[in-house]
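Q: Before I ask anything, let me first share the structure, which is written out below as structure tokens.
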């Protein structure tokens, strides 16, 4: 556990000292700020516009950070041979992978907290206070964090066997397809035969990020059911765990040339 | 007592080609042992398989055959890994860290408690001459400083066995000297050092024994002191007087003239004739001495086609030990 914590902290420290991260965070905060501007010129729907744009900015930029930093988590360590001196110590390969995952997940969590603070500050400025229904916003942000965990785990999985470019493409494709997972399910239900089998398999295999997207719902003050909160949490954590386990299985057998 | 390092028919081959059907042998079955406290030089030209051997021993690549043990333990045993240090070839470290942060990180990964870690980090930084650069980020380090921090991370947890892959590579003479002193220091502390190099003078200075690897194949192992003391079958004549030169030159292997002084290397059998010629021509003999084998001679002989273990100084084992089996 100590070694995992140590690797996770180092991964966090690397991300914190990386300028790319700050560029993305600043850009995301600017997006939240611009949402405020758009909200002010959208008469009557200021709050919806702010919530929609603000939370989408947090989600999109978080996913970008997860992919851009995630693809280098393993490959960069191999390319630069920093991994050699780590694995020559009493560090098991699975500990390395789990540590890396925890480090990036922690980074994203901290970033999300910062961006959420910016978002709520903008909301407070616009609405002059919080409503009881704003609790749904916290659920939406928690679902965004679950999205990050899934995308980070998938990126880690891809980077454990492919080049950074391939990992980036695969992670992007899955993240995009995942946002249309519900449509894929609907398509599978509308087809027959082999197509239905293939579409159903694909629908279950890709991460169901559309189920985790409740931004529009909370923007319209629709409540988030406790059941959805529970099932989404279990789904997100299980999916991320499975992807990390896949990365471990591949990495355990990999020759580090 | 267990060997510090022991390999038995350890081999590695890779699948190559588009269909991955062809096999490329990176290391032919390798059997060798290294005694505790020994400084062992692993010599070979680029691409000989030195780094592959080290990667196998570090568990970075998996063998396709054979076994290896370090300090009597399996390569996957975390207890063993806590007792070894490794410096890869041309090391690169997390350049966003300072030297202190980097060494603290490695100390923690090696299971050193935080309080002990800080003390050891300071001590090891002083030892490698980086105490003044302790708080400097590694991206500002020169190559020589990086090499020193590389050695520092390899010894920060006070390991019993230290593996160094080309530790002198790319260093200037000062840097090489510093690294050589560090290795000598480890030897004085009784640590086992296994280092790969193609800088033969360093190996000759530091190593108790050396192994020569070529094209993935072990070509021989020898005790360095025996190798360099071995008579090469050649004699060196030094004299004054150019009159005898034309008569001696045809039977000489090498001739160098510096002012009045002439140096010739001859086969041992030609020496009596050459001395007689010198006497007849009135040459002034300065010295006659046997030419000793150098590590370079040994190395080049091992690399030559058919340079197997036929040489008299192959199969040399550590003092007091039975000779090793060499291919």
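Protein chains in written order, with the working numbering: chain A, 1 to 257; chain B, 1001 to 1327. Positions of the beta carbon are idealized from the N, C-alpha and C atoms, including for glycine.
Could you name the residues that DSSP lists as bridge partners for residue 1006 of chain B?
A: In the second chain, residue 1006 of chain B corresponds to position 6, counting from 1. Partner(s): B:1033, B:1069.
Q: Would you say residue 22 of chain A lies against chain B (beta-carbon separation less than 7 angstroms)?
A: Here residue 22 of chain A corresponds to residue number 22 of the first chain, with the count starting at 1. Closer than 7 angstroms: no.
Q: Are the C-beta atoms of residue 256 of chain A and some chain B residue less than 7 angstroms apart?
A: As a working mapping, residue 256 of chain A is identified with position 256 in the first chain. Yes - at least one Cβ of chain B is within 7 angstroms of the one on residue 256 of chain A.
Q: Where does residue 204 of chain A sit, in a helix, a strand or coil, going by DSSP?
A: Translated into positions along the first chain, residue 204 of chain A becomes position 204. In the structure shown, residue 204 of chain A sits in a helix (DSSP, three-state: H, G or I).
Q: From what residue to what residue does the beta strand (DSSP E) around residue 1041 of chain B run?
A: Translated into the one-based positions of the second chain, residue 1041 of chain B becomes position 41. 1039–1043 is the span of the beta strand (DSSP E), which, as asked, contains residue 1041 of chain B.
Q: Taking 7 angstroms as the threshold (beta carbon to beta carbon), is residue 76 of chain A in contact with chain B?
A: Here residue 76 of chain A refers to the residue found at position 76 of the first chain. No, its Cβ sits nowhere closer than 7 angstroms to a Cβ of chain B.
Q: Run through DSSP, which three-state label would residue 1175 of chain B get?
A: The residue labelled residue 1175 of chain B in the question sits at position 175 within the second chain. DSSP places residue 1175 of chain B in helix when its eight states are reduced to three.
Q: Let me know the alpha helix (DSSP H) ranges lying completely inside the stretch 1088–1133 of chain B, each 4 residues or longer, listed in chain order.
A: The qualifying runs are 1099–1109, 1114–1127.
Q: Looking only at DSSP bridge pairs, what is residue 237 of chain A linked to?
A: Walking along the first chain from the start, residue 237 of chain A turns up at place 237. The partner list for residue 237 of chain A (beta bridge, DSSP) is empty, contrary to what the question assumes.
Q: Identify, in the order they occur along the chain, each residue of the same chain with its Cβ nearer than 6 angstroms to the Cβ of residue 248 of chain A, setting aside the five sequence neighbours on each side.
A: Here residue 248 of chain A corresponds to residue number 248 of the first chain, with the count starting at 1. Contacts found: 94, 97.
Q: Would you kindly report the start and end of the unbroken beta strand (DSSP E) that includes residue 1256 of chain B?
A: Translated into the one-based positions of the second chain, residue 1256 of chain B becomes position 256. First-last of the beta strand (DSSP E) with residue 1256 of chain B: 1254–1258.
Q: Could you name the residues of the same chain whose beta carbon sits closer than 7 angstroms to that of residue 168 of chain A, not counting the 5 residues immediately before and after it, in chain order?
A: Taking the first chain and counting its residues from 1, the one referred to as residue 168 of chain A is at position 168. So the qualifying residues of the chain are 67, 71.
Q: For chain B, check one thing: does any of its Cβ atoms lie closer than 7 angstroms to the Cβ of residue 164 of chain A?
A: Counting from 1 along the first chain, the entry for residue 164 of chain A is found at position 164. No, no contact with chain B.
Q: Looking at the C-beta of residue 10 of chain A, does it have a partner C-beta in chain B at a distance below 7 angstroms?
A: Within the first chain, residue 10 of chain A is the residue found at index 10, counting from 1. By this cut-off, residue 10 of chain A is an interface position.
Q: Can you tell me which of the three DSSP states residue 1326 of chain B falls into?
A: Numbered from 1 along the second chain, position 326 holds the residue referred to as residue 1326 of chain B. Any reading at residue 1326 of chain B must be qualified, since the residue scores a pLDDT of 40, below 50, and its modelled position is unreliable; no value is offered.
Q: Can you name the residues of chain B whose CB is closer than 8 angstroms to the CB of residue 80 of chain A?
A: The residue labelled residue 80 of chain A in the question sits at position 80 within the first chain. Near residue 80 of chain A (Cβ distances below 8 angstroms), the residues of chain B are 1092.
Q: Using alpha carbons as the reference points, say which of B:1200, B:1201, B:1218, B:1222 lies closest to residue 1210 of chain B.
A: To locate residue 1210 of chain B, count along the second chain from 1; it is residue 210. Of B:1200, B:1201, B:1218, B:1222, the residue nearest in Cα terms is B:1222.
Q: Buried or exposed for residue 1133 of chain B, please, with buried defined as at least 16 other CB atoms from any protein chain shown within 10 angstroms of its CB.
A: Counted from its first residue, the second chain places residue 1133 of chain B at position 133. That one is buried.
Q: In angstroms with no decimal places, state the Cα-to-Cα distance between residue 1206 of chain B and residue 1041 of chain B.
A: Residue 1206 of chain B sits at position 206 when you count from the first residue of the second chain. Residue 1041 of chain B sits at position 41 when you count from the first residue of the second chain. Distance between the alpha carbons of residue 1206 of chain B and residue 1041 of chain B: 8 angstroms.
Q: Sort B:1023, B:1057, B:1019 by Cα distance to residue 1008 of chain B and report the nearest one.
A: On the second chain, position 8 is the one that residue 1008 of chain B refers to. Nearest of B:1023, B:1057, B:1019 to residue 1008 of chain B, Cα basis: B:1057.
Q: Note down, in chain order, all residues in the stretch 1049–1074 of chain B with a beta-carbon under 8 angstroms from any beta-carbon belonging to chain A.
A: Listed by position along the chain: 1055, 1058, 1059, 1060, 1061, 1062.
Q: Check the C-beta distance from residue 1152 of chain B over to residue 1130 of chain B and give it rounded, since I have them as a contact under 8 angstroms.
A: In the second chain, residue 1152 of chain B corresponds to position 152, counting from 1. In the second chain, residue 1130 of chain B corresponds to position 130, counting from 1. With a Cβ gap of about 7 angstroms, residue 1152 of chain B and residue 1130 of chain B count as contacting.
Q: Counting only the same chain and skipping the five closest in sequence on each side, list residues whose C-beta sits under 6 angstroms from that of residue 1126 of chain B.
A: Indexing the second chain from 1 puts residue 1126 of chain B at position 126. Once the five neighbours on either side are set aside, residue 1126 of chain B has no close Cβ partner at all.
Q: Taking all protein chains shown into account, decide if residue 1128 of chain B is buried (16 or more other Cβ within 10 angstroms of its Cβ) or exposed.
A: In the second chain, the residue the question calls residue 1128 of chain B occupies position 128. Answer is buried; the Cβ neighbour count reaches 16.
Q: With 7 angstroms as the limit, tell me which residues of the stretch 1281–1308 of chain B have their beta carbon closer than that to any beta carbon of chain A; keep them in chain order.
A: Listed by position, the residues of the stretch 1281–1308 of chain B near chain A (Cβ gap below 7 angstroms) amount to none.
Q: So with Cβ pairs under 7 angstroms, would you call residue 1081 of chain B a contact of chain A?
A: What you label residue 1081 of chain B is simply residue 81 of the second chain in a count that begins at 1. Yes, because at least one Cβ of chain A sits closer than 7 angstroms to the Cβ of residue 1081 of chain B.
Q: Considering Cα atoms alone, identify which of A:131, A:133, A:137 is closest to residue 119 of chain A.
A: Numbered from 1 along the first chain, position 119 holds the residue referred to as residue 119 of chain A. Comparing Cα positions, the closest option is A:137.
Q: Classify residue 159 of chain A as buried or exposed, calling it buried when 16 or more other Cβ atoms lie within 10 Å of its own Cβ.
A: Numbered from 1 along the first chain, position 159 holds the residue referred to as residue 159 of chain A. Residue 159 of chain A should be labelled buried.
Q: Run through DSSP, which three-state label would residue 75 of chain A get?
A: Numbered from 1 along the first chain, position 75 holds the residue referred to as residue 75 of chain A. In this structure, residue 75 of chain A counts as helix in the three-state DSSP scheme.
Q: Count the other CB atoms within 10 Å of the CB of residue 1181 of chain B; is the residue buried (16 or more) or exposed (fewer)?
A: Residue 1181 of chain B sits at position 181 when you count from the first residue of the second chain. The residue in question, residue 1181 of chain B, is exposed, as its Cβ has fewer than 16 Cβ neighbours within 10 Å.
Q: Using 8 angstroms as the cut-off, can you tell me whether the stretch 201–214 of chain A makes contact with the stretch 144–152 of chain A, which would need three or more C-beta pairs spanning the two stretches below that distance?
A: Yes, the stretch 201–214 of chain A touches the stretch 144–152 of chain A.
Q: Return the first residue and the last residue of the beta strand (DSSP E) that residue 1217 of chain B is part of.
A: Within the second chain, the letter at position 217 stands for residue 1217 of chain B. Unbroken beta strand (DSSP E) run through residue 1217 of chain B: 1217–1223.
Q: Three or more beta-carbon pairs under 8 angstroms between the stretch 1287–1299 of chain B and the stretch 1242–1251 of chain B, yes or no?
A: No, the stretch 1287–1299 of chain B is not in contact with the stretch 1242–1251 of chain B.
Q: Find the residues of chain B that neighbour residue 107 of chain A, judging by a C-beta separation of less than 9 angstroms, and give them in chain order.
A: Numbered from 1 along the first chain, position 107 holds the residue referred to as residue 107 of chain A. Those do not exist, as residue 107 of chain A stays about 14 angstroms from chain B at its closest Cβ, beyond 9 angstroms.
Q: Under DSSP, the alpha helix (DSSP H) around residue 185 of chain A begins and ends at which residues?
A: For the purposes of this step, residue 185 of chain A is identified with residue 185 of the first chain, where counting begins at 1. Start and end: 181–190.
Q: Do residue 1197 of chain B and residue 1166 of chain B count as a contact pair if the criterion is CB distance below 7 angstroms?
A: Working through the second chain from its first residue, we reach residue 1166 of chain B at position 166. Working through the second chain from its first residue, we reach residue 1197 of chain B at position 197. Result yes, Cβ atoms of residue 1166 of chain B and residue 1197 of chain B sit closer than 7 angstroms.
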